[in-house]
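Q:
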Amino acid sequence: GGEGVSELDTAAGKDDCEINRRRVFSRRRSATGLLVVAGAIAPKIARASERSIGFPVAPLGKQTHIGGDKKLHLSPEQLKNILEDSIGKGEYFISPDSMPVDIFDDSCRFKDPTTDVVGLSRYVKALGILFDRDRSKVTLSEIKVISPNQIQAVWTQEGYLKLPWNPYVPPYTSTTVWDIDSNTGLIVKQEHTWSISGLEALRETFTPHA
Numbered sequence: 017g018g019e020g021v022s023e024l025d026t027a028a029g030k031d032d033c034e035i036n037r038r039r040v041f042s043r044r045r046s047a048t049g050l051l052v053v054a055g056a057i058a059p060k061i062a063r064a065s066e067r068s069i070g071f072p073v074a075p076l077g078k079q080t081h082i083g084g085d086k087k088l089h090l091s092p093e094q095l096k097n098i099l100e101d102s103i104g105k106g107e108y109f110i111s112p113d114s115m116p117v118d119i120f121d122d123s124c125r126f127k128d129p130t131t132d133v134v135g136l137s138r139y140v141k142a143l144g145i146l147f148d149r150d151r152s153k154v155t156l157s158e159i160k161v162i163s164p165n166q167i168q169a170v171w172t173q174e175g176y177l178k179l180p181w182n183p184y185v186p187p188y189t190s191t192t193v194w195d196i197d198s199n200t201g202l203i204v205k206q207e208h209t210w211s212i213s214g215l216e217a218l219r220e221t222f223t224p225h226a
């Protein structure tokens, strides 16, 4: 009787080991598959960025008006103060509800090394589907007026993306320049340059995290 139980326990143990081995293999295969996909589409995204077409992160819909009335004819210093509060306290790059949409033109262009989006409403939608606000962070280092029609900021960002494989983006630095329309005083372009390449950002996006 005891030998029979021992044999059953041994068989059950082997089954458990086999199940665990298959689970580990499955996770590795999924991760490898994601990295293969990333490697396959990375050159296309790089070429798109070079052509300033950008990579469609998701269907963003048609451009529409959002928010209330625009704050027209503000000085660059006033705009800088609004942006400083919205980034430093509101972290609008990961929390679109904090974005001061009333100082942006509805047709504003938003550009970074991997995406190129035209339309304020479309950009706000893109922000809402990227970073997990509760597990991400933006830290503003400096912001200043650099010309009568431009404001520049330096900030760092890190956090988790809202994707099923839970990718984590380690801290990176971004320098952002906003262009101001001389007639309306509204921001008509926002452009990021990063301390990491677009390809590196893509790899991080497709790398699973525990």
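Residues in the sequence shown are numbered consecutively from 17, following our numbering. Even glycine gets a Cβ: it sits at the ideal position worked out from N, Cα and C.
Would DSSP call residue 111 helix, strand or coil?
A: coil
Q: Just how far apart, CA to CA, sit residue 135 and residue 126?
A: 8 Å
Q: Have a look at the DSSP bridge pairing and note the partners of residue 170.
A: 158 and 191
Q: With a threshold of 16 other CB atoms inside 10 Å of the CB of residue 173, please say whether the residue is buried or exposed.
A: buried
Q: Alpha carbon to alpha carbon, how far is residue 86 from residue 200? Give it in angstroms, no decimals.
A: 9 Å
Q: Which residues in the same chain as residue 103 place their Cβ atom closer than 8 Å to its Cβ, once the five residues preceding and following it in sequence are excluded?
A: 109, 154, 156, 159, 169 and 171
Q: Hey, residue 99 and residue 112 are a contact pair by Cβ (cut 8 Å); roughly how many whole angstroms apart?
A: Contact flag wrong, Cβ pair sits at about 14 Å.
Q: If you draw a straight line from the alpha carbon of residue 151 to that of residue 139, how long is it in whole angstroms?
A: Those two C-alpha atoms are separated by around 21 Å.
Q: Tell me whether residue 136 counts as near the ligand FMN, meaning its Cβ is closer than 7 Å to at least one heavy atom of that ligand.
A: The ligand FMN is not among the ligands present in this structure, which contains no ligands whatsoever.
Q: On the three-state DSSP scale, how would you describe residue 35?
A: For residue 35, the predicted model reports a pLDDT of 47, less than 50, meaning its position is unreliable and no value from the coordinates is stated.
Q: Excluding five sequence neighbours on each side, which residues of the same chain lie with their C-beta closer than 7 Å to the C-beta of residue 120?
A: 136, 202 and 203
Q: What are the uninterrupted segments assigned as beta strand (DSSP E) that are 3 or more residues long and contained completely in the stretch 95-139, given in chain order?
A: 120-127 and 132-134
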